[in-house]
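A quick write-up on the structure given underneath.
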């Protein structure tokens, strides 16, 4: 269904112990033209909540777990569109405008292209294949800034409350419910995970976990495996 109204948009940002990178991220977010922006903290033990509140943003307190935090944030907003943003992914007001245009084109959800930060050629190659894979499969990951209409969110039952692969499971629900758009806008997302654990070991772990999830492994087991390798 296409719309002819100007939609409102809420950004929901789940956080947990992100005090080290918050100052720069908060400066970027303060200039965004958006109707609602809420952080959802999952029990940080550093000064994450204080930094967010001192910057003038709303910070909700939730049970730990990215899916729980994003669902909680969604329930505490009212906008037509919800954008789930990782704190280490940078977004602009121009990107917000691109999302709103999709609402009037009948898309129920979507994501952005991403570019890993850092100058290494390997990051450019990884980014390219992430974008191609997700556009072909319509299975998107959280660092691609997934967005969804509230109507579609409600229709598919929200984000699956599982400890890992919630973004993949959510994408699969959405792609069978309606049209999902692959926006060509490119967002920069942090390569800190790749830098810390190495390119090849990170790729191996990601594909191993996805394959196990695809063949029916328990998300709890996958989450435990992920923690043990980190």
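In the working numbering, the protein residues as written are 857 to 1086. Built from N, CA and C at the ideal position, the CB exists for glycine as well.
Collapsed DSSP secondary structure at residue 870 in the structure displayed:
As a first step, residue 870 must be located in the chain shown, where it is residue number 14. In the structure shown, residue 870 sits in a strand (DSSP, three-state: E or B).
What residue range does the beta strand (DSSP E) around residue 1018 cover?
By 1-based counting over the chain shown, the position of residue 1018 is 162. Here residue 1018 belongs to no beta strand (DSSP E), and DSSP marks it neither H nor E.
Rounded distance between the beta-carbons of residue 896 and residue 870, thought under 8 Å:
One-based indexing of the chain shown puts residue 870 at position 14. One-based indexing of the chain shown puts residue 896 at position 40. Confirmed, Cβ separation roughly 5 Å.
Taking the alpha carbon of residue 890 as the reference point, which residue from 1063, 933, 878 has its own alpha carbon closest?
The sequence position of residue 890 within the chain shown is 34, counting from 1. Cα-wise, what sits closest to residue 890 is 933.
Using a Cβ distance threshold of 8 Å, determine whether the segment 1072-1083 contacts the segment 1004-1012, with at least three qualifying pairs required.
no
If you compare alpha carbons, which of 882, 981, 888, 879 is closest to residue 866?
As a first step, residue 866 must be located in the chain shown, where it is residue number 10. Comparing Cα-Cα distances from residue 866 to each of 882, 981, 888, 879, the minimum goes to 888.
What whole-angstrom Cβ distance do residue 952 and residue 1035 have, given they're in contact under 8 Å?
As a working mapping, residue 952 is identified with position 96 in the chain shown. As a working mapping, residue 1035 is identified with position 179 in the chain shown. That belief does not hold up - the Cβ atoms of residue 952 and residue 1035 are roughly 20 Å apart, past 8 Å.
Within 10 Å of its beta-carbon, does residue 977 have 16 or more other beta-carbons around it, so buried, or fewer, so exposed?
On the chain shown, residue 977 is found 121 positions in, with the first residue counted as 1. So residue 977 counts as exposed.
On the DSSP bridge assignment, give the partners of residue 938 in chain order.
As a working mapping, residue 938 is identified with position 82 in the chain shown. Answer is 866, 1004.
Strand pairing of residue 946, partner residues [DSSP]:
As a working note, residue 946 is residue 90 in the chain shown. Looking at the DSSP assignment, residue 946 forms a beta bridge with 1044.
Candidates 1054, 1022, 1011, 1053: closest to residue 1033 by CA position
Position 177 of the chain shown holds residue 1033. When each option's Cα is compared against that of residue 1033, the closest is 1011.
To the nearest angstrom, report how far apart residue 975 and residue 968 are at their CA atoms.
Counted from its first residue, the chain shown places residue 975 at position 119. Counted from its first residue, the chain shown places residue 968 at position 112. Approximately 20 Å, taken between the alpha carbons.
For a minimum of 3 consecutive residues, which ranges assigned as the beta strand (DSSP E) are wholly contained in the segment 1022-1069?
1036-1045
Closest by C-alpha distance to residue 997, when choosing among 957, 1062, 935:
Position 141 of the chain shown holds residue 997. It is 1062.
Please state whether DSSP places residue 920 in a helix, a strand or coil.
Locating residue 920 in the chain shown gives position 64, counting from the first residue. If DSSP states are grouped into helix, strand and coil, residue 920 belongs with coil.
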